Structures are given as structure tokens and as C-alpha cells.
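Quick notes on the structure that follows.
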Amino acid sequence: MKTIIVVGNGMVGYKFCEKLAAREESKNFKIIVFGEEPRAAYDRVHLSEFFGNRDAKSLELAPASWYTENNIELVVNERVTDIHRKTKTITTGSDKEYSYDYLVLATGSSPFVPPINGVEKEGVFVYRTIEDLEAMLDYAEKIKAKKSDGRAAILGGGLLGLEAGKAVMDMGLEPHVVEFAPKLMPRQLDSRSSNVLQLTLENIGINIHLGKATNRILGNGAITGMDFGEDDSLEVDMLVISAGIRPRDELGKTCNLAMGVRGGIVVNDRMQTSDPNIFAIGEVALYNQMIYGLVAPGYEMAEVAVNQIMESLEVVMSAEIDMSTKLKLIGVDVASFGVPYMPADKGLSIIYENKTKGLYKRINVSLDGKTLLGGIMVGDAEDYSILHQMYLNNLPLPDNAEELIVGSRGEGGSAFGSAMDLPDTAVICSCEAVTKGAVCCSVIDDGNETVKEVAKATKATTGCGGCKPMVADLVKESLKTLGKTVKESICEHFDHSRQELYDIVKLKGVQDYDQLLDEVGKGDGCEVCKPLAASIFASIYNETANRQETIQDSNDRYLANIQRNGTYSVVPRVAGGEISPKQLMAMGRIAKKYDLYTKITGGQRIDMFGAKLHELPLIWEELIAEGFETGQAYGKSLRTVKSCVGSTWCRYGMDESVSFAIEIENRYKGIRSPHKFKGGVSGCIRECAEARSKDFGFIAVEGGWNVYVGGNGGATPRHAELLAEKVDKETAIKYVDRFMMFYIKTAPPLTRTSAWLEKLEGGITYLKNVVINDSLGIVEELDAGMQNFVNTYKCEWKEAVETPEIRERYTHFINSEETDDNIEFVSLREQKMPKEWA
Amino acid sequence: MIANLSTYESVKTDSVKVWFKAGPASKFPKNGGACIKYKDKQIAVFNFTRQATWYACQNLCPHKMEMVLSRGMIGEENMQPKVACPLHKNTFSLKTGENLNGTLDAIATYPIKVEDGFVFVGFSE
Ligand SMILES: Cc1cc2nc3c(=O)[nH]c(=O)nc-3n(C[C@H](O)[C@H](O)[C@H](O)COP(=O)(O)OP(=O)(O)OC[C@H]3O[C@@H](n4cnc5c(N)ncnc54)[C@H](O)[C@@H]3O)c2cc1C
Ligand code: SF4
Ligand code: SF4
Ligand code: FES
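First to last, the sequence lines map onto chains W and A.
Read left to right, the first sequence gives residues 3 to 840 (my numbering).
Read left to right, the second sequence gives residues 20 to 144 (my numbering).
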């Protein structure tokens with residue numbers, strides 16, 4: 003029986019054992035592992051978690067019993083001190099000798115401590131092992147016992163240094179990161195992204211000092227400060243050195259294996275050192291003249307070494323090693339992949355920067371614009387996994403590569419397909435080398451249904467965790483192919499999605515909220531399900547908000563928008579933005595009478611602010627007498643249809659946009675939907691009405707109207723997509739009728755048409771099929787639904803002022819004629835505004 | 020007059036000195052609230068019809084000091100009756116007054132009873 007000796011029981015040494023144990027042939031070997039640390043291998047990548055829970059057990063990669071069960075003899079607390087290549091033996095710290103057939107060196111690395119005068123002082127630490135952390139924690143406690151404003155510095159602003167910065171901050175010390183280079187994470191970031199990251203870190207309280215060379219550690223016995231020369235220094239009570247790593251290659255040196263000039267044991271692509279019976283893997287191995295300080299390459303090396311020893315000689319190390327990384331700091335997204343930055347003649351860079359939001363995104367594209375070479379993300383690394391995959395798998399880029407970084411996933415213009423488009427061989431979790439195929443299989447064939455279960459079965463996400471969002475997507479999509487969905491229940495009172503409730507109300511003819519709760523819900527409801535049910539009742543029965551007033555959102559309940567100080571605004575409908583001088587004067591008179599602040603809204607109408615609750619019916623009574631009706635600015639319903647003057651006045655106009663806008667606004671007024679919706683009509687392609695930023699828009703062109711849907715301004719702007727081209731007005735209206743009805747029926751709560759369309763499987767093509775080609779066979783139903791809305795419209799404010807019981811709701815006190823004396827106004831440019839909040 | 024949080028302190032049933040007749044029960048919307056005035060206090064009264072219970076609390080939202088809670092929506096979370104402020108949807112327990120979704124000050128709650136079709140709120144002064 004041959005013997006394999008593994009020196010080093012760190013992350014890579016353990017992975018070697020794990021992969022070895024998984025092989026049938028391993029039974030034919032005797033395996034002995036030596037570890038210098040006092041415990042079995044643990045997860046160094048998540049070492050910082052130890053600060054939070056001080057639980058070494060939870061970091062353990064496998065319990066001691068695992069080694070026994072797999073016939074692996076584990077000797078901890080024992081250093082290997084010598085290798086005798088001639089006799090194929092090793093000696094250990096306790097002077098024992100063992101012979102080997104294969105020797106695997108997985109001794110890792112140790113932190114590099116620069117030769118600075120005074121580094122030996124008390125209070126100076128490195129950050130590598132659980133013992134290091136325990137010592138740091140104890141020292142921090144001592145500092146805190148002495149003073150409340152203790153400070154800790156980190157020497158080195160790389161990936162690890164920043165993690166250490168956050169760790170000392172969580173220990174209650176004021177963190178200072180001191181970096182020699184003029185930027186943070188010098189290997190991964192360009193200077194602009196470093197600036198953005200610096201601002202973000204400073205905002206969360208981590209102080210950054212760049213371009214500082216530390217000359218001396220100050221203090222008598224224990225550290226008190228760092229000296230940067232030229233009278234520049236920083237007072238600190240503790241220092242953590244995180245200035246890079248040095249491979250622990252001393253064993254290689256003493257037995258004369260080939261070594262790199264700056265250290266590291268040289269290996270070939272089979273992980274063999276210059277002695278074919280000795281392998282080196284992990285951070286001690288110098289491959290392609292590089293040391294790789296990340297787990298993923300180390301794991302790959304372990305895999306190769308196992309295969310080589312088991313004589314699967316064809317498995318060799320990849321020629322190129324992926325060094326992409328994502329920082330795992332809570333609250334700060336930083337990631338880089340491929341070539342993060344490069345000179346301009348090597349490729350094109352597209353950069354998006356927003357300092358106020360702390361966002362920086364850069365992608366580098368080949369000169370021909372076809373391939374993604376690398377990139378940097380600071381502030382929002384949500385798309386890291388998918389971009390990283392595009393890079394690794396050489397996937398084709400969209401025509402406009404900038405779409406990859408502007409507009410994030412799920413909201414505005416997402417330019418990449420779904421994770422399901424990746425090839426099955428794409429490695430999703432690079433730490434554990436789990437492919438897309440393996441994740442999907444684990445769901446589809448093995449019946450795992452959650453990310454947690456998949457993680458357990460495949461190990462995906464258990465390394466650095468950077469692939470979690472993508473694994474979650476894959477799980478969800480794979481479940482879908484099985485016809486299962488991730489349950490979208492709306493709140494604790496209903497185990498249903500909005501669409502399910504919609505169907506239940508419709509099929510069972512449920513009449514009110516209480517009945518709905520009794521029949522399919524539980525408990526007594528809340529502010530999430532009540533307004534949602536209200537919206538469904540409105541969509542199905544076209545009932546106004548007056549009937550079940552206490553399940554309405556508070557704006558709907560009082561048919562007015564509540565404002566900062568508890569007063570309300572009043573917005574009459576001004577269809578298409580067309581208003582006569584007579585109407586203008588009437589509004590002016592009423593606003594003056596009730597001392598209301600007036601302003602033109604973004605939707606081409608007039609908003610009157612500052613009405614007290616009890617004044618609302620009085621104001622509306624007068625407005626209605628002047629021929630106005632509710633503008634429903636308070637509802638999840640049609641707001642306005644914005645128009646340009648069109649061919650009536652404009653010299654470019656191709657058709658009458660105002661008339662169309664008025665017609666369509668009057669058609670859709672009063673309809674309640676999952677969210678508010680807006681329209682626009684432009685008289686020509688100059689698009690003065692910005693119809694393409696609306697939920698639906700019409701633009702007059704030669705030969706008819708172009709119909710657009712799913713646009714949005716607001717927080718996540720999105721251009722509407724073309725639904726039909728050059729159609730006549732009746733057809734245009736018919737298509738939008740169906741689009742709206744389909745949306746009302748199927749959208750989740752509080753989702754604008756833009757977000758809904760974004761998520762709609764098949765997107766605009768599918769939508770065209772439904773509303774134009776009737777692929778679902780439902781257009782008749784949709785048309786009838788819309789016609790019912792149009793036929794049953796009534797102005798709910800008219801209903802309110804004419805019905806005494808409803809009118810009674812508009813009193814501040816039930817038991818007093820007095821009004822609310824808590825409301826205070828101050829004057830503003832000849833009008834009034836609510837007093838500032840304190 | 021600008022509201023002052025210190026005007027409102029929870030009252031326990033056994034320290035009630037005054038049962039103030041707030042109005043006929045029929046005036047209060049089903050499963051909703053309305054506001055009443057007692058001396059210089061504004062009190063939100065909720066007719067939680069579904070649970071066949073009534074609740075009373077200060078009308079003042081401690082978030083931005085606006086007199087709005089009576090116009091909020093009521094509901095229940097893990098069996099705890101609550102009201103959501105109409106301005107920013109902060110939620111408060113109607114039983115204990117505690118802010119359920121954050122760390123705002125608790126609101127004051129008052130004993131309440133209905134007799135002969137009239138609603139009475141209990142005050143200690
Ligand atoms: C705080 C921290 C955060 C990190 N975060 C990430 C991250 O997010 N992503 C990432 O990819 N990487 C990260 N890393 C790096 C990652 O931990 C290393 O790449 C990985 O641990 C390397 O594994 P290894 O087995 O080569 O070395 P190690 O894990 O260091 O294991 C080597 C082991 O060998 C032992 N040993 C050495 N010499 C001898 C001897 N002569 N005899 C017996 N035993 C010996 C050592 O004591 C040690 O236990 C992080 C590292 C740290 C410290
Ligand atoms: S969109 Fe065309 S028709 Fe309308 S105002 Fe602008 S230029 Fe004139
Ligand atoms: S943009 Fe913000 S502040 Fe302005 S009206 Fe809208 S919600 Fe209010
Ligand atoms: S004022 Fe009540 S939640 Fe803001």
C-alpha cells in the first residue's frame with residue numbers, strides 16, 4: 003500500500019483530502035495529514051465571522067470524525083520540519099519519522115510583515131489564523147477598558163486590509179486603513195473606482211490614508227502610533243498588518259526543490275515540483291510564475307494533484323487563472339474581474355460613475371467590441387456574477403455594450419439574457435467549481451427546491467458566496483421548468499399571489515374584504531393585503547373607493563393625497579392638459595377662497611395643496627359645480643395623458659394629438675390597477691409629449707399611429723417598447739385596451755407596467771402575441787372587461803359630496819366642530835407651505 | 020397649538036378617573052378609525068369590528084409629530100392589533116403602543132368601552 007503524506011491542513015490541504023476521499027481508488031492508499039495549527043482545517047475565507055460569534059466550530063470545514071471515517075490519519079499541532087528526498091521520508095517537530103510515496107505540500111502562506119522599525123511592538127498583529135483573531139480581540143478589550151476612543155490601524159488597503167478595517171470597526175475601535183499606493187485595492191481597482199470606494203468607506207466610518215509609507219512604529223513597548231516621516235504621523239493603539247502574503251516554502255528550500263526568485267515552490271501544470279513525487283498546491287505553489295492568494299485556484303490545484311496521483315494524467319491545471327474577486331464586506335459592494343483596467347490601445351472602456359450614489363462601473367471591451375475583457379464594480383455589484391460569466395464563457399456582447407452597466411437587473415433595460423442562457427459547463431461557483439449544469443440538475447433531477455438545499459447538495463455558494471444571486475436565479479428558473487414556482491404570497495394573511503386572489507374574487511364572486519379573509523385568508527388583515535384587495539375589487543367590479551373605505555390606502559380612503567402636515571391636495575382632471583380660461587378662473591377663485599397653494603404638476607394639470615380634511619367636500623362641491631371631476635391623483639389608477647399641441651397648432655404635427663389624448667384619458671379615467679399609470683400622445687416623432695416615457699404612448703407618424711407600452715419616467719426610467727406600428731386610431735386604442743387589461747389581471751401588486759413587462763416571460767414579443775394575435779384566446783374577455791370599465795365610470799368625488807354618510811367621514815373630530823389646531827403654515831413666495839418638520 | 024408628546028401618557032384601566040363619553044358607536048367606521056377631542060388631547064379611536072374590540076391611542080404620530088393616526092389603516096400582525104400611520108406607514112401596536120417596525124417612541128394607549136351604544140374613553144385626569 004502506498005502512502006500519501008499531506009503537509010498542511012489548511013483550506014487547500016483539506017480540499018485535497020476531500021477530493022481524494024471521494025475517489026474509489028483512495029482505499030488503496032494510506033493517507034497521513036500534518037497540520038501545524040492546533041485544530042483541523044477551517045474556513046479562512048470567512049475568518050472575519052469569528053469576530054461576530056467567536057465560534058471556531060462553525061468555521062470548521064469537517065469535524066475530526068470525518069477524517070477517521072475516511073481513513074485519513076490527521077495529526078494536528080505537529081509541524082513537518084524536514085523532507086529527506088533520498089529516503090522519501092519526513093521528520094516532524096516531535097522528531098518522528100514517516101515515509102511517503104507521494105508528498106503533497108499544502109503549507110499555504112504567512113502574512114508578509116514589512117521590515118519596519120518597531121513591528122515587534124506589543125499591539126501589532128497579523129490576520130491569518132483563529133489565534134491571531136483571539137489575540138486581537140483580547141488586545142482590543144484591553145484598549146477599550148482604558149479609553150473609549152481607541153483606534154486601530156490596518157497596514158495595507160487591499161482586499162484583506164479592508165475586511166480587517168471593517169472587523170476592527172465592529173470591535174468598537176476607530177478604524178484607519180493606511181495604504182502605501184495612491185489608491186485602494188491597487189491590484190483590482192483603477193483610481194476613479196478607488197475614489198468612489200474611499201468615499202463609501204469613509205461614509206460608513208472607515209478612515210482611509212493613501213500614499214503613506216510607514217517608517218517607524220512608535221511607542222515604548224506597546225504601539226502608540228505610526229510615523230510616516232516629514233512630521234506626518236497617526237496615533238493608534240493597535241495595528242493589523244495586511245501587506246500581502248509570503249508562501250511558506252521553507253520545506254522546499256531545505257530539500258532543494260526548484261524555487262521562485264521571490265519564493266514559492268515551482269510547479270508544472272500537474273502540480274509537480276522539481277521532484278515528481280512531491281506536489282505543491284495552494285498558496286505555496288508558484289504556477290506560471292505566480293502565487294495565487296485565492297481559494298478557487300487552490301481548489302483547482304487540489305483537484306489536479308488528486309487526479310495526477312490517481313493516474314488520471316490528462317487532468318492538468320488551466321493555463322489561465324481567473325483572479326476575479328468580490329469583496330465580502332457587508333454594505334459595500336466591490337468586485338473586479340478579468341482585466342480590471344488597461345491602457346486605451348488594448349481595448350475600449352465604458353465607465354459609468356455617480357459619486358453621490360457611490361456608484362462606479364467599468365467594463366473593458368475588446369477593440370472590435372465583441373468580447374468582454376474585464377471590469378470593475380463599486381457600489382452595486384449585483385450584476386457581477388452574470389458579467390463574470392459572460393467574461394469566462396466568452397459570451398457575445400449586446401450591440402450596445404454600455405447597456406451592461408447602465409440600468410441594473412430587473413429594472414431598467416437589462417441587456418443580458420437570463421442565467422439559463424449560459425452553457426451547462428459554465429462554472430457558476432468558482433470556489434467549489436460547480437457548473438450551471440450541476441445546479442440545474444440538483445433541482446430538476448434531485449428534487450432540491452431551495453438555494454439552501456442546492457448548496458448542501460452541490461456545495462455551490464459555500465465558498466466566498468459571490469455566486470448566490472445567480473444560484474438563486476438558476477434555482478428559480480429550474481423550478482419553473484418543472485412547473486413549480488417560488489411561492490409569492492402577499493403577506494401573512496394570504497398564501498396567494500395577487501393574480502391568484504384576482505381569480506378567486508372573480509370566480510367565487512367574493513363581494514367584500516371580510517368575505518375574502520373568511521374564505522381564503524387568515525387573521526384580520528393588514529396594510530398590505532387590504533389595499534391590494536381593494537384594488538382587485540375595483541378592477542373586477544369597478545367599484546369606487548367609497549364602498550369599502552377602510553380597506554383603502556389612506557389616500558384613496560379620503561380621495562385625496564395626504565401631504566406632509568396631514569392636509570390634503572386637490573387635483574381635478576384636466577384631460578390631455580387642455581383647460582379653458584373659464585375653467586382656469588374658476589379654479590383660481592376656489593383656490594383663493596380656501597387659501598390653497600397652487601402648482602402646475604408634471605402631468606399637465608393643476609394641484610391645489612393645503613386643504614384640511616373637513617374642507618375637502620366643500621372644495622369639491624364647488625369644483626364639481628364648475629364642471630370638474632376627480633383627477634384621481636390619489637389612486638393607483640390613470641393619472642394623466644400628456645399631449646403636445648399636435649397638428650392643431652404645431653407646424654410639424656402629423657395628427658391631432660390633443661384630441662386623441664383627451665379621448666383616451668376620458669376612456670381610462672377611474673380604472674384602478676396594480677399601480678398608477680400614465681399615457682402620452684405626441685403629434686410627430688419629435689415626441690414633445692414624451693409619450694415613450696409613459697405606461698402607454700401614441701406617436702403620430704406618416705400613415706397612422708405608433709403604439710408604445712411599458713415606459714416609465716420616475717425612479718427607474720425605461721423607454722416604452724413598440725407594440726404596433728402605423729395603425730389607425732381605433733386599432734391603437736384596442737391594443738392598449740387589451741394591454742392594460744392583461745396587466746391589471748396579471749401584474750403583482752404595486753408593479754408599474756415597465757417592471758411588469760420587464761419580467762414578463764417572452765417580453766414584448768409575447769405581449770404582441772397575446773394582444774394582437776390572441777395567442778391565449780382571451781382578447782374577447784379583455785375587450786369586454788375594458789368596455790365594462792368605460793360604461794360604468796362614475797366620478798367618486800361627486801358620489802362622495804352627494805352622499806351624506808360619505809360626506810360625514812370628512813371631519814377631523816367626531817365629537818367636536820373644532821378643526822385640527824396642530825396644523826401650521828408659513829408663507830412662501832406669496833403663497834403658503836406647511837411648517838418645516840423639526 | 021403645536022402638539023407635544025408629553026401630553027400623552029398611557030392610562031391603565033385601574034387608574035381611570037374619567038370615562039369620557041366620546042360619541043355614539045355608530046359614528047365610528049367599521050374596521051377603521053376616527054378622532055375625538057378630550058380637553059387638549061386628540062385621541063384616535065378604532066372600531067376593530069373584525070375582532071369585536073375597540074382601541075384608543077394618541078392621534079399624534081411620534082415620527083413627524085402629525086395628528087394623523089386616526090386616519091391610518093388598522094390590521095394585525097402575529098395576532099397583535101396595529102395601526103399604520105398614513106404618512107410613512109410606521110406601525111404601532113394598538114395594545115401596547117409599541118412601534119412594531121422600528122424604534123420610534125411608543126404611542127400612548129387608553130382604555131375604552133362601549134355602553135348603551137356609546138363609546139367611552141378612560142382618562143386619569
Ligand atoms: C481574512 C482572510 C480573508 C480571505 N478572504 C478570501 C476571499 O474572500 N476569497 C478568496 O478566494 N480567498 C480569501 N482568502 C485567502 C484564502 O484563505 C487562501 O487563499 C487559502 O486559505 C489558501 O489555502 P492554503 O491551504 O494554501 O493555505 P492555508 O489555508 O494557509 O493553509 C496552510 C496550512 O498549512 C499549515 N502549515 C504550514 N507549514 C506547515 C508545516 N511545515 N507543517 C505542518 N503544517 C504546516 C499552516 O499552519 C496552515 O494551517 C482570505 C484569507 C484571509 C486570511
Ligand atoms: S411632437 Fe411634433 S407635433 Fe407635437 S409639438 Fe412636438 S413637434 Fe409638434
Ligand atoms: S419626487 Fe419625491 S419629494 Fe418630489 S413629489 Fe415625488 S415623492 Fe415627493
Ligand atoms: S408621520 Fe407617521 S410615519 Fe411619518
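All residues carry an ideal CB built from backbone N, CA and C; glycine is no exception.
For clarity, every value in this text was computed on a predicted model and none was experimentally measured.
Fill in: Status (buried if at least 16 other CB within 10 Å, exposed otherwise) for W/Met788
Buried, because 16 or more other Cβ atoms sit within 10 Å of the Cβ of W/Met788.
Fill in: Simplified DSSP state of W/Tyr104, which is helix, strand or coil
strand
Worksheet item: Any chance the CB of W/Phe53 is under 7 Å from a heavy atom of ligand 1?
Response: no
Fill in: Classification of W/Gln200 by the beta-carbon crowding that lies within 10 angstroms, buried from 16 upward
buried
Practice prompt. Could you tell me whether the Cβ atoms of W/Ser675 and W/Cys646 are closer together than 8 Å?
Written response: Their beta carbons are not under 8 Å apart, which means W/Ser675 does not touch W/Cys646 by this criterion.
Worksheet item: Shortest alpha-carbon distance to A/Leu106 belongs to which of A/Thr72, A/Met92, A/Glu96 and A/Ser112?
Response: A/Met92
Worksheet item: In three-state DSSP terms, what is A/Leu79?
Response: strand
Discussion item. Among W/Met742, W/Phe662 and W/Ala304, whose alpha-carbon lies nearest the alpha-carbon of W/Ala24?
Written reply: W/Ala304
Fill in: C-beta neighbour in chain A for W/Cys690, strict 8 Å
no
Item to complete: Please work out which residues of its chain come closer than 7 Å, Cβ to Cβ, to A/Thr26, disregarding the five sequence neighbours upstream and downstream, and give them in chain order.
Response: Asp59 and Lys60
Worksheet item: Cβ of A/Asn23 less than 8 Å from any chain W Cβ?
Response: It does not; no Cβ of chain W falls within 8 Å.
Worksheet item: Sorted by chain position, which residues of the same chain lie with C-beta nearer than 8 Å to W/Leu399's C-beta, five sequence neighbours on each side aside?
Response: Val367, Gly371, Lys372, Thr373, Leu374, Met392 and Leu406
Worksheet item: Below 8 Å between beta carbons: does that hold for W/Val453 and W/Ala474?
Response: yes
Item to complete: Flag A/Glu134 as yes if its beta-carbon sits less than 8 Å from any beta-carbon of chain W, otherwise no.
Response: no
Fill in: Per-residue DSSP class, three states only, for A/Trp38
Residue state, collapsed to three classes: strand.
Fill in: Min CB distance A/Gly141 to chain W below 8 Å
The C-beta of A/Gly141 comes no closer than 8 Å to any C-beta of chain W.
Worksheet item: Using a Cβ cut-off of 9 Å, which residues of the region 811-839 of chain W contact any Cβ in chain A, in chain order?
Response: Arg811, Thr813, His814, Phe815, Ile816, Asn817, Ser818, Glu820, Asp822, Asp823, Asn824, Ile825, Glu826, Lys837 and Trp839
Worksheet item: Under 7 Å from any heavy atom of ligand 1, does the C-beta of W/Tyr129 make it?
Response: yes
Practice prompt. Report yes if the C-beta of W/Arg81 is less than 7 Å from at least one heavy atom of ligand 1; otherwise report no.
Written response: yes
Worksheet entry | Extent of the continuous alpha helix (DSSP H) run through W/Arg669 | Ser659 to Tyr670 is the span of the alpha helix (DSSP H), which, as asked, contains W/Arg669.
Discussion item. Would A/Pro81 pass as an interface residue toward chain W - the criterion being a Cβ-Cβ separation below 8 Å?
Written reply: No, because no Cβ of chain W sits closer than 8 Å to the Cβ of A/Pro81.
Discussion item. Could you tell me the alpha carbon to alpha carbon distance between W/Ser416 and A/Trp73, rounded to whole angstroms?
Written reply: Residue placement at W/Ser416 cannot be trusted, given a pLDDT of 42 that sits under 50; what the coordinates show is reported in the next sentence. Their Cα atoms are separated by approximately 50 Å.
Worksheet item: In its own chain, which residues sit with a C-beta less than 7 Å from the C-beta of W/Phe662, not counting the 5 before and 5 after it?
Response: Val683, Phe700 and Lys731
Worksheet item: With a cut-off of 8 Å, do at least 3 Cβ pairs link the region 284-300 of chain W to the region 13-29 of chain W?
Response: yes
Item to complete: Using only the heavy atoms of ligand 5, determine whether one of them is closer than 7 Å to the beta carbon of W/Ser320.
Response: Among the ligands present in this structure, namely ligand 1, ligand 2, ligand 3 and ligand 4, ligand 5 is not found.
Worksheet entry | Strand pairing of W/Met392, partner residues [DSSP] | None, per the DSSP bridge assignment.
Practice prompt. Could you list the residues in the region 106-133 of chain A with a C-beta less than 8 Å from some C-beta on chain W, going in chain order?
Written response: Leu106, Lys108 and Thr110
Item to complete: For W/Met587, count neighbouring Cβ atoms within 10 angstroms of its own Cβ and tell me buried if that reaches 16, exposed if not.
Response: It is exposed - the Cβ of W/Met587 has fewer than 16 other Cβ atoms within 10 Å.
Worksheet entry | W/Glu165 beta carbon near ligand 1 (any heavy atom closer than 7 Å) | Indeed, a heavy atom of ligand 1 lies less than 7 Å from the Cβ.
Fill in: A/Gly136 (DSSP reduced to helix, strand or coil)
coil
Practice prompt. Note down, in chain order, each residue of its chain lying with its Cβ closer than 6 Å to the Cβ of W/Pro800, except the 5 sequence neighbours on either side.
Written response: Residue identity differs from the one stated: residue 800 of chain W is Lys in this sequence, not Pro. Result list for W/Lys800: Ile626, in chain order.
Item to complete: Please report how far the alpha carbon of W/Lys363 lies from the alpha carbon of W/Ser695, in whole angstroms.
Response: 25 Å
Discussion item. Can you give me the C-alpha to C-alpha distance between W/Val441 and W/Val380, rounded to a whole angstrom?
Written reply: 28 Å
Practice prompt. With 9 Å as the limit, tell me which residues of the region 501-534 of chain W have their beta carbon closer than that to any beta carbon of chain A; keep them in chain order.
Written response: Of all residues in the region 501-534 of chain W, Tyr515, Asp516, Leu519, Gly525, Asp526, Gly527, Cys528, Glu529, Val530, Cys531, Lys532 and Pro533 have a Cβ within less than 9 Å of some Cβ in chain A.
Practice prompt. Under the assumption that W/Asp657 contacts W/Ala702 (Cβ atoms under 8 Å), give the Cβ distance between them as a whole number of angstroms.
Written response: 4 Å
Worksheet entry | Distance cut-off 7 Å: W/Met13 Cβ against heavy atoms of ligand 1 | yes
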